[in-house]
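Here is the structure we will look at.
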Amino acid sequence: MREVTIHDTYSGAVVPLQPRGPARVGIYACGPTVYSRIHIGNARPFVVFGLLARFLEHEGYAVRLVMNVTDVNDKIYDAAGPLGRPSAELAAEMTEHYRADTDALGLGRPDEEPLASETIGPIVDYIAALVERGHAYAADGDVYFAVRSDERYGSLSHRLLENMDQGEDAAGSPAAQRKRDPLDFALWKAHKPGEDTVWDSPWGPGRPGWHIECSAMAEGALGVGFEIHGGGSDLVFPHHENEAAQTRAARGTELARIWMHNGMIQLTGEKMAKSAGNIAPLHEVIERWGAEAVVMYLVSGHYRQPLAFSQDALEQAEANVKRIREAGRRLADGDSPADLDRLRDRFFDALARDFNTPEALAVLNEWIREATGSVAEGAGNAHLREMLGVLGLESLLAADQPAPGEVVELAQRREQARRERDFQHADRLRDEIAARGWEVRDVAGGFELLPR
RNA sequence: GGCGACGUGGCGGAGUGGCUACGCAGCGGCCUGCAAAGCCGUCUACACCGGUUCGAUUCCGGUCGUCGCCUCCA
0 MREVTIHDTY
10 SGAVVPLQPR
20 GPARVGIYAC
30 GPTVYSRIHI
40 GNARPFVVFG
50 LLARFLEHEG
60 YAVRLVMNVT
70 DVNDKIYDAA
80 GPLGRPSAEL
90 AAEMTEHYRA
100 DTDALGLGRP
110 DEEPLASETI
120 GPIVDYIAAL
130 VERGHAYAAD
140 GDVYFAVRSD
150 ERYGSLSHRL
160 LENMDQGEDA
170 AGSPAAQRKR
180 DPLDFALWKA
190 HKPGEDTVWD
200 SPWGPGRPGW
210 HIECSAMAEG
220 ALGVGFEIHG
230 GGSDLVFPHH
240 ENEAAQTRAA
250 RGTELARIWM
260 HNGMIQLTGE
270 KMAKSAGNIA
280 PLHEVIERWG
290 AEAVVMYLVS
300 GHYRQPLAFS
310 QDALEQAEAN
320 VKRIREAGRR
330 LADGDSPADL
340 DRLRDRFFDA
350 LARDFNTPEA
360 LAVLNEWIRE
370 ATGSVAEGAG
380 NAHLREMLGV
390 LGLESLLAAD
400 QPAPGEVVEL
410 AQRREQARRE
420 RDFQHADRLR
430 DEIAARGWEV
440 RDVAGGFELL
450 PR
């Protein structure tokens with residue numbers, strides 16, 4: 000088991016991961032708000048935290064990965080209204096899409112995926128605890144968190160109160176008038192006409208605010224003081240700041256030990272966001288490039304850095320995937336040479352240092368180069384399988400599909416033509432094989448057929 | 001305007017106070033009937049200006065530029 004370090008937004012430093020119990024690690028990562036199909040940007044935390052969990056498990060930690068689904072939110076009402084559809088129906092449909100789209104990445108599911116709509120009871124209890132402790136107050140059916148009652152407010156996002164603006168409502172709006180302080184944010188929102196989902200509460204009918212949903216779901220799944228809370232860097236303020244404040248105020252302790260944030264995917268130099276209209280839906284990207292190339296693309300940069308989304312970037316990821324698949328074809332199943340242990344170890348060492356996937360990939364490439372040179376001695380692929388497994392790319396070692404009989408027959412005829420030194424005919428046959436989606440390679444003693 | 005991050009070779013992208021990142025692309029070669037795959041070799045770097053240092057791409061300051069957050073967006 001390696002010592003693992005991770006960058007913590009709260010302290011601004013790379014810190015050691017120190018599990019509460021013996022080697023138990025709880026990870027909560029904020030999942031999507033389900034008001035439309037998710038895009039490649041939403042996939043980044045799914046992949047980063049999913050693979051981090053795999054790596055920690057590889058190191059011997061008992062990991063519990065929780066990624067929520069925010070299915071009660073203003074955005075969902077806003078999206079459902081113009082469509083003339085019930086918001087709950089839209090949320091349920093988009094939740095299904097989210098599951099299918101992320102399933103297609105081939106990385107499996109988190110251990111738990113709580114829904115906000117199924118956590119209303121604990122959310123109400125949470126708000127009640129905040130009111131009871133004097134950190135929240137009701138006003139005309141709304142409940143607000145009193146930001147200035149938390150003396151550490153701002154410490155996660157490193158902001159001063161005077162530089163903040165909860166901004167949820169323009170000054171002078173009804174909500175702004177109900178707040179005691181403009182910095183305060185909503186925990187419970189009284190039911191409004193046009194909102195078609197509503198729950199009872201001690202403060203009247205309504206529905207929860209976004210931030211309290213995550214505090215309740217995270218605590219319900221992992222308790223307070225769990226190891227890693229993650230999400231996109233755009234959530235640091237106000238979402239995670241508010242989550243942290245709520246838990247401190249209600250429970251008197253920090254929600255998580257490490258706050259870990261991934262950088263944004265950028266299209267045309269800007270963050271990919273629906274408001275900017277520069278969206279690449281995940282399901283389309285996977286359909287176009289394949290799941291392995293998409294995962295490779297996402298691990299090609301360090302998780303904290305912004306990552307440019309472009310045709311070029313995906314083409315390069317595709318080429319990297321191809322290179323690994325080729326290497327796998329040349330290696331037999333079985334143990335890898337012991338003198339390559341050091342490279343296998345360096346791969347995992349890199350991941351242990353703030354999950355440095357690009358550095359790990361560089362080592363993996365070195366491993367391939369050296370192992371390929373040992374093929375004559377019958378190098379086995381065990382190391383490669385171990386490394387790819389942590390990256391969710393073990394499928395690159397899967398055996399190739401056998402070519403259909405008619406293609407094999409074409410290749411045999413080509414082989415015959417080559418023996419007769421009728422190369423024009425042989426090349427025509429190669430074109431025919433290619434037209435059927437296969438590539439023929441001449442190898443010692445015969446040929447090989449591979450899907451193109 | 002406030003806070004924060006970043007500027008590395010054609011592209012993507014790590015890292016380091018002095019020693020080849022790595023991959024893709026390019027070029028040369030080996031192999032091949034020609035290819036493909038593979039292998040070998042090789043060319044393009046560390047935004048700019050100062051400072052600290054024997055020595056800075058790496059530390060400090062400034063300039064310019066890019067990006068994120070400050071309007072529930074991963």
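Once you know that position 82 of the first sequence is 81 in numbering that gives the first Met the number 0, the rest is easy, because the numbers rise by one and skip nothing.
Cβ atoms here follow ideal geometry from the backbone N, Cα and C, with glycine treated the same way.
Bounding residues of the beta strand (DSSP E) (the contiguous stretch that carries residue i)
| i | result |
| --- | --- |
| G445 | 445–450 |
| N241 | Looking at the DSSP string, N241 is not in any beta strand (DSSP E); the run it does join, the alpha helix (DSSP H), is 240–250. |
| E438 | 437–442 |
| I264 | 264–266 |
| V534 | Limits of the chain in this structure are 0 at one end and 451 at the other, which puts residue 534 out of reach. |
| M0 | Unbroken run through M0: none, as it is neither H nor E. |
| D7 | 4–7 |
Own chain, CB closer than 8 Å to residue i, minus 5 neighbours either side, in chain order
| i | result |
| --- | --- |
| L234 | C29, H260 |
| E58 | M0, R1, V3, F347, A351 |
| V223 | T246, R250, T252, E253, L254 |
| I367 | R322, I323, A326, L383 |
| Y302 | R43, V47, N261, G262, F354, T356 |
| Q400 | P450 |
| I432 | V406, L409, A410, R413, E438, V439, L448 |
| T118 | E212, A215, M216, G219 |
Sequence-distant residues of the same chain with beta carbon closer than 6 Å to residue i, five excluded per side
| i | result |
| --- | --- |
| I257 | I5, D7, I227 |
| D168 | Below a pLDDT of 50, predicted positions are generally treated as unreliable, and D168, at 48, falls in that range; the measurement from the model is reported next regardless. Closer than 6 Å at the Cβ level, and outside the excluded window around D168, lie A174, A175. |
| M295 | A316, N319, V320 |
| L106 | G49, G391 |
| L55 | V24, V62 |
| D334 | G379, A381 |
| V79 | Looking at the sequence provided, one finds Ala at residue 79 rather than Val. Same-chain partners within the cutoff: S86, L89. |
Contacting residues, own chain, Cβ-Cβ under 7 Å from residue i (five flanking each side not counted)
| i | result |
| --- | --- |
| P305 | G262, M263, Q265 |
| R151 | R247 |
| H38 | M271, I278, A279, P280, L281 |
| H452 | No information on residue 452 is available, as it lies outside the stretch 0 to 451 that the chain covers here. |
| K188 | D141, G205, R206, G208 |
| G377 | A331 |
| A359 | F346, A349, L350 |
| A52 | I26, V62, L64 |
| A135 | I126, L129, V142, Y143, F144, A145, L186 |
Limits of the unbroken alpha helix (DSSP H) element including residue i
| i | result |
| --- | --- |
| D73 | 73–82 |
| N364 | 356–372 |
| N41 | 39–57 |
| A434 | 422–434 |
| I211 | 209–221 |
| A416 | 404–418 |
Bridge partner(s) assigned by DSSP for residue i
| i | result |
| --- | --- |
| T69 | T32 |
| M295 | Per DSSP, none; premise fails for M295. |
| H260 | G230 |
| A189 | G205 |
| A61 | R23 |
| G379 | A331 |
| A255 | F225 |
| F184 | F144 |
| R352 | T4 |
The ligand GTP heavy atom lying under 7 Å from the CB of residue i
| i | result |
| --- | --- |
| S35 | The ligand GTP is not among the ligands present in this structure, which contains no ligands whatsoever. |
* Any 3 or more C-beta pairs closer than 8 Å across the segment 289–297 and the segment 320–340 -> At 8 Å Cβ cutoff, the stretches touch.
* Count the C-beta pairs between the segment 62–73 and the segment 18–34 that are closer than 8 Å, then say yes if the count reaches three, no if not. => Yes: the two stretches touch, three or more of their Cβ pairs being nearer than 8 Å.
* Is it a yes or a no for the segment 405–418 touching the segment 358–374, going by three-plus beta-carbon pairs under 8 Å? -> Judged by Cβ distances under 8 Å, the segment 405–418 makes no contact with the segment 358–374, as fewer than three pairs qualify.
* Between the segment 193–205 and the segment 115–129, do three or more beta carbon pairs fall short of 8 Å? -> Contact holds: three or more Cβ-Cβ distances are below 8 Å.
* Asked: Which runs of the alpha helix (DSSP H) spanning at least 4 residues fall entirely within the segment 94–182, listed in chain order?
  -> Within the segment 94–182, the complete alpha helix (DSSP H) runs of at least 4 residues are 119–131, 173–177.
* **Contact the segment 105–116 vs the segment 214–223: 3+ CB pairs below 8 Å** => Segments in contact, yes.
* What are the start and end residues of each continuous alpha helix (DSSP H) run of 4 or more residues lying completely inside the segment 275–346, in chain order? -> Counting whole runs of 4 or more residues, the segment 275–346 contains the alpha helix (DSSP H) stretches 281–288, 290–298, 310–329.
* Determine contact between the segment 176–186 and the segment 127–145, defined as no fewer than three beta-carbon pairs at a distance below 8 Å. => With the cut-off at 8 Å, the segment 176–186 and the segment 127–145 touch.
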